[in-house]
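First to last, the protein sequences are chains R, D, E and X. 1 is the number of the first residue of the first sequence in full-length UniProt numbering; add one for each residue after it. 1 is the number of the first residue of the second sequence in full-length UniProt numbering; add one for each residue after it. 1 is the number of the first residue of the third sequence in full-length UniProt numbering; add one for each residue after it. 1 is the number of the first residue of the fourth sequence in full-length UniProt numbering; add one for each residue after it. Everything on this sheet refers to the single structure shown next.
4 protein chains.
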Amino acid sequence: MLEDLKQEVYEANMKLPKLDLVTFTWGNVSAIDRDKGLFVIKPSGVPYEDMKPSDMVVVDLDGKVVEGDLNPSSDTPTHTYLYNHFKTIGGIVHTHSPWAVSFAAAKMDIPATSTTHADTFYGDVPCAPALTQKQIEEAYELNTGKVIVDEFNRRGIDPDAVPAVLVSQHGPFAWGPTADKAVYNAKVLEVSAEISYHTLQLTRDETHVPQYLLDKHYYRKHGKNAYYGQNNAKSKSHAEHE
Amino acid sequence: MLEDLKQEVYEANMKLPKLDLVTFTWGNVSAIDRDKGLFVIKPSGVPYEDMKPSDMVVVDLDGKVVEGDLNPSSDTPTHTYLYNHFKTIGGIVHTHSPWAVSFAAAKMDIPATSTTHADTFYGDVPCAPALTQKQIEEAYELNTGKVIVDEFNRRGIDPDAVPAVLVSQHGPFAWGPTADKAVYNAKVLEVSAEISYHTLQLTRDETHVPQYLLDKHYYRKHGKNAYYGQNNAKSKSHAEHE
Amino acid sequence: MLEDLKQEVYEANMKLPKLDLVTFTWGNVSAIDRDKGLFVIKPSGVPYEDMKPSDMVVVDLDGKVVEGDLNPSSDTPTHTYLYNHFKTIGGIVHTHSPWAVSFAAAKMDIPATSTTHADTFYGDVPCAPALTQKQIEEAYELNTGKVIVDEFNRRGIDPDAVPAVLVSQHGPFAWGPTADKAVYNAKVLEVSAEISYHTLQLTRDETHVPQYLLDKHYYRKHGKNAYYGQNNAKSKSHAEHE
Amino acid sequence: MLEDLKQEVYEANMKLPKLDLVTFTWGNVSAIDRDKGLFVIKPSGVPYEDMKPSDMVVVDLDGKVVEGDLNPSSDTPTHTYLYNHFKTIGGIVHTHSPWAVSFAAAKMDIPATSTTHADTFYGDVPCAPALTQKQIEEAYELNTGKVIVDEFNRRGIDPDAVPAVLVSQHGPFAWGPTADKAVYNAKVLEVSAEISYHTLQLTRDETHVPQYLLDKHYYRKHGKNAYYGQNNAKSKSHAEHE
């Protein structure tokens, strides 16, 4: 069942340690088959070196396991909620990458201070508020999805234009059209957090890039006037700057 | 004698350089057989690349060498003291990992500012006071154990719930049910120190996570209502977040 | 056509990930044949692991592709402008290396605070102003070259003496007599940015090195009285300090 | 001539990139045969991957090359001066390791804030003043040695007890009884600088360790009452903490 998607999700999970985004097993990736209404997610707490494509768990959009011998990631309700409310996304990744977590712990957005950020994120990456005691005790992982979606709605942010978020006191989630692209976005998020941290220590001047620079970098790569890359398969994956 | 435990302690020691927790030989791990009242510890000052399982030294709870050709770690009296006073722990690790040492040099607790910390440590990791001149001159390594135990008693902290400490001007100790789990905790401590350092530079706002978030993350993985992982061997080791 | 130069440019591009100067495909290197008035540049958005010397694109000094099946780097107009105005340079590199980008985002020069900097850069590395809305919308990449050249002219800096620049809100460009030397300079820039960042956090005292130290280190390695290295092929490449 | 010493110096040089202490060729190590009054030093500007033991250059205590086809390191006069004035040292290393250079650029001592530092350095590592214009123009490298020796004399520091120094605006030098031990000390210096940097950012409280802690850690490993290690060959090299 969904063997190709399992392979894809497996490979995307295995990229996390390779890209220095996880310590131990602290990350998970999923991807969805929108036609079938099913998504594939990493099992809970299995070390990367032991994981196989067949360990991936298939879950439906009510969060129920449809296939798989192992428990799915304990963050599965967060993934379910995001797939149900961000209708265009195809893959989700959660990590505890340390620069992004530092901003989440400080309850700060990651400001768009350079083109490295703007090539992927059309504006600041928002930091959603911490869950309340009630939200935590009632349904922790599901409400983690809820505070994310609520924050995007409240600020009027398009999740395709800003494909990542921080949750206060917790850490980053990123997404994209595929699992692979979600992992790519999670790495850009970490690099952008590292750069913005240092920028904020260097100066107290305003460092947000202006709207017209955001526009330029976003539309250089998105939409009908995009002119970056080869417009063919060779450059499709991970070809953001050069 | 205790060949399995020697192998376990050897392997846990060899993880320290692999996890970037030590420079040169600056770390040591031990583990105890509570039934026999004996523990196994790394020899003093032997480079990791030359170390063999049979080099491990067997020590009793009076700190006397029972078996082994090499001198045990010079920190052996600290380990002895901790095993005698923290009755439930099975393994201990000491390193000079740089983020944790930076907090120890600043004589500051590592604050619980995110779930990365809270998944392993049920509250701040305390920084025990520096040893007095008398404590240093009388019995330095033994008194290092003593200031740790005294600080946990003074603050009423359960060493199973917060399995690590800093000693002011010196560095971190971590422990756990096994040598392997102690090393895991030492790594989480280092990552948590790195994150909290950056958090403290980003903001002067209060960043401690609330008690109910500590409760949620601790009891998600500990005690009878835990629901994280696979509840089987495959996920037992190092499966803290996903 | 220009097979040797393609090989050289290919190898210089492949050094970028090896020297930790790029994430994903975020860098590009070119080199020029001044006699023919043609330069060779990396194709746009091709992952390093898939790239071959024959993928390199040949471009003339009007920025027109002369040979190659792939699109050249989208930053080609910047390279073209720099080759046309900095007549002595033979190779150019652009990266998003994070320490240099942090200074660019803060719109700050990288100050010459130590001999590590002064051995390669005869003074501060300037940060050129951010492009205006008009400059971005009219001809973004070409105007990136223009703000660089204008800033060197305005300050009266010799591009051979200070072979690198930051562009505000964007990142670093470096150059040199060859592609290989340009990559070398890009790495020194990153190390120098890292050092100066930490220096600026340690103290608010003046930390610029004096003019006579700049003179000493520059003329120790450049011009007729240079006495560094072996004056033979073995030490020619990358022999800046010892 | 001095083939064993050449091998030793070669191996010590090759450790610099392995220990992350150098970028490109930016480091040099030498060692002296006190009986013959000759020292062996790395050639100038030769990449590590091309270097052979036979490339090492033999120099006398007047700084004259006695054997070798290549130019010795351009820092040779600094080494000569140090061997002539610090009579007990057997090996010297110079690097541009970035944490140490950051303190040198800030013209600050590296404070002894933890036992990681105190196990190797019996007090702060001093930052010698920047060379004057006259000192630079007359005899730059020789006067670099002179400001080091003068600073140790002025402060009354024993170079065996504090085997390293920073030179303002330049960087670190370390030494020891052998080339290998000098490289060890250079690595401890870098780690200690990293820790002290972070300590100084965490707190404005006094963080120097007290004299009695310096005494304890120094005499635990030095002199007739030392009790660290195995007192045999196996633990002789690099066995400072455990």
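Glycine included, C-beta positions come from ideal geometry on N, C-alpha and C. Since the structure is predicted, the reported quantities are computational estimates derived from the model, not experimental observations.
Kindly list the residues whose CB is nearer than 6 Å to the CB of residue i, restricted to its own chain and excluding five residues on each side of it in sequence; keep chain order.
| i | result |
| --- | --- |
| Pro77 of chain E | Gly63, Glu141 and Leu142 |
| Asp50 of chain D | none |
| Ala12 of chain X | Val29, Ala179, Asp180 and Val183 |
| Thr113 of chain X | Ser196, Thr199 and Thr207 |
| Tyr218 of chain R | Tyr122 |
| Pro177 of chain D | Gly90 |
| Gln135 of chain X | Asn143 |
| Ala239 of chain R | Any reading at Ala239 of chain R must be qualified, since the residue scores a pLDDT of 42, below 50, and its modelled position is unreliable; the value itself is stated next. The residues are Gly229. |
At a threshold of 7 Å, does residue i count as lining the ligand ZN (C-beta to nearest heavy atom)?
| i | result |
| --- | --- |
| Ser97 of chain R | Looking for the ligand ZN in the displayed structure turns up nothing, as the structure carries no ligands at all. |
Which residues does DSSP pair with residue i in a beta bridge?
| i | result |
| --- | --- |
| Ala128 of chain X | X:Val167 |
| Ile110 of chain X | X:Val125 |
| Trp175 of chain R | R:Ile92 |
| Val57 of chain D | D:Ile41 |
| Asp33 of chain X | X:Leu38 |
| Gly27 of chain R | R:Thr95 |
| residue 279 of chain R | Here chain R has residues from 1 to 242 only, and residue 279 of chain R is not among them. |
| Glu67 of chain X | X:Val58 |
Closest by CA to residue i, which one among the options?
| i | options | result |
| --- | --- | --- |
| Pro146 of chain D | D:Asp160, D:Leu2, D:Ala31 and D:Phe173 | In the sequence as displayed, the identity of residue 146 of chain D is Lys instead of Pro. With distances taken between Cα atoms, Lys146 of chain D lies closest to D:Phe173. |
| Pro72 of chain E | E:Asn84, E:Ala130, E:Glu151 and E:Val59 | E:Val59 |
| Ala104 of chain D | D:Ile195, D:Asp215 and D:Gly171 | D:Gly171 |
| Ser44 of chain D | D:Ser54, D:Asp75 and D:Glu67 | D:Asp75 |
| Trp175 of chain R | R:Ile32, R:Met14, R:Gln135 and R:Ser114 | R:Ile32 |
| Ala100 of chain R | R:Lys36, R:Ile195, R:Leu61 and R:Glu67 | R:Ile195 |
| Leu213 of chain E | X:Gly37, X:Thr144 and X:Thr116 | X:Thr144 |
| Tyr48 of chain E | E:Glu67, E:Gln230, E:Leu16 and E:Gly68 | E:Leu16 |
| Glu137 of chain X | E:Ser168, E:Asp215, E:Ala106 and E:Lys36 | E:Asp215 |
| Pro210 of chain X | D:Gln133, D:Thr203 and D:Ser102 | D:Gln133 |
| Ser102 of chain D | D:Leu166, D:Phe152 and D:Lys87 | D:Leu166 |
| Val9 of chain R | R:Lys52, R:Arg34 and R:Asp35 | R:Lys52 |
| Glu230 of chain X | D:Lys87, D:Gln230, D:Ala139 and D:Gly68 | Note on residue identity: the sequence assigns Gln, not Glu, to residue 230 of chain X. Considering only alpha carbons, the answer is D:Gly68. |
| Asp35 of chain R | R:Ile157, R:Glu151, R:Lys87 and R:Gly223 | R:Lys87 |
| Asp205 of chain E | X:Thr23, X:Ala106, X:Met14 and X:Asp205 | X:Ala106 |
Below 8 Å on the Cβ atoms is my contact criterion, and I expect residue i with residue j to pass it. Report the Cβ-Cβ distance as a whole number of Å.
| i | j | result |
| --- | --- | --- |
| Val130 of chain D | Ile148 of chain D | The residue you asked about is not Val; residue 130 of chain D is Ala in the sequence shown. At roughly 12 Å, the Cβ-Cβ gap does not stay under 8 Å, so Ala130 of chain D and Ile148 of chain D are not in contact. |
| Ile110 of chain E | Val125 of chain E | 4 Å |
| His79 of chain E | Phe39 of chain E | 7 Å |
| Gln201 of chain X | Gln201 of chain D | 6 Å |
| Tyr81 of chain X | Ile89 of chain X | Actually they do not touch by this definition, with Cβ atoms about 12 Å apart. |
| Met108 of chain E | Thr203 of chain R | 7 Å |
What does a CB cutoff of less than 7 Å around residue i pick up in its chain, not counting 5 residues either side in sequence?
| i | result |
| --- | --- |
| Leu21 of chain X | Gly27, Thr95, Ser97, Ala186, Lys187 and Glu190 |
| Lys18 of chain R | none |
| Asp55 of chain R | Pro43, Val46 and Leu70 |
| Val66 of chain E | Leu38, Val58, Val59 and Asp60 |
| Arg155 of chain D | Pro126 |
| Asn225 of chain D | Tyr219 |
Once the 5 residues before and after residue i are set aside, which same chain residues still bring their CB inside 8 Å of it?
| i | result |
| --- | --- |
| Thr116 of chain R | Val188, Val191, Ser192, Ile195 and His241 |
| Asn232 of chain E | Model confidence at Asn232 of chain E stands at a pLDDT of 48, short of 50, so the residue's coordinates are unreliable and nothing is read from them. |
| Gln7 of chain D | Pro53 |
| Ala139 of chain D | Pro77 |
Taking only beta-carbon positions, decide if residue i is within less than 8 Å of chain B.
| i | result |
| --- | --- |
| His198 of chain D | Here chain B cannot be found, since the structure's protein chains are R, D, E and X. |
Quick one: any contact between the segment 2-15 of chain X and the segment 151-168 of chain E, if contact means 3 or more CB pairs under 8 Å? The segment 2-15 of chain X, when compared against the segment 151-168 of chain E, does not touch it at the 8 Å Cβ threshold.
Using 8 Å as the cut-off, can you tell me whether the segment 181-189 of chain E makes contact with the segment 107-122 of chain E, which would need three or more C-beta pairs spanning the two stretches below that distance? At 8 Å Cβ cutoff, the stretches touch.
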